[in-house]
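Engineer:
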Amino acid sequence: MPQRLTYRRRLCYNTKSNKTKHPSYGHHCIITVTYFAGIENTRWTFSFLYRKKKGSVARCGDTGVKLKGVKPARPRQLRKMTKRLKTVTRAYGGCLSAAAVRERIIRAFLIEEQKIVARVLKAKIKAEKK
């Protein structure tokens, strides 16, 4: 006859935070000893093991693609991880993808070029008026 399994926690619904796996029966059991009228009663309770939630990879703030070179982890694990596992050595390392950074740099360069062209045209028109 299969063993009955009990939850260790109070939550009994099949939610994301309550995913379980079957234990290997030799190790994960609780022994409860009760005394009633001077008689010792030993009971073995087999309980589920809980699965950890999978961590997700950080995503780019602009494009929404998964960032390469950043390890997937849960928030609590992220706090314990070293900096090299959480970022990439580049401008906007752990926040934006390489394509998004490239796009930002090109856009900034083109805007500066437009400003310079506008300044030159303005100076040219001013020189023609004199």
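To convert, take the position in the sequence shown, counting from 1, and add 24; that gives my numbering.
Where a beta carbon is used, it is the ideal one built from N, C-alpha and C, also for glycine.
For the segment 59 to 71 and the segment 99 to 117, state whether three or more C-beta atom pairs, one from each stretch, are separated by less than 8 Å.
Structural biologist: No: fewer than three Cβ pairs fall under 8 Å.
Engineer: Just curious, the alpha helix (DSSP H) that Phe133 is in, first and last residue?
Structural biologist: That run of the alpha helix (DSSP H) goes Ala122 to Lys153.
Engineer: So what does Val112 bridge to, in DSSP terms?
Structural biologist: Answer is none; Val112 lacks a bridge partner.
Engineer: For Leu102, name the three-state secondary structure that DSSP assigns.
Structural biologist: The answer is helix: DSSP assigns Leu102 an H, G or I state.
Engineer: How far does the beta strand (DSSP E) with Phe70 in it reach, from first residue to last?
Structural biologist: It spans Ile63 to Ser71 - the beta strand (DSSP E) in which Phe70 sits, taken as one unbroken run.
Engineer: State whether the segment 117 to 130 contacts the segment 138 to 151, with contact taken as three or more CB pairs (one from each stretch) at a distance under 8 Å.
Structural biologist: With a cut-off of 8 Å, the segment 138 to 151 and the segment 117 to 130 do not count as touching, because too few Cβ pairs lie within range.
Engineer: Measure the Cβ-Cβ separation of Arg75 and Lys45 and say whether it is below 7 Å.
Structural biologist: Cβ atoms of Arg75 and Lys45: closer than 7 Å.
Engineer: In the DSSP assignment, what are the bridge partners of Thr44?
Structural biologist: Note: Thr44 sits in a beta bridge opposite Tyr74.
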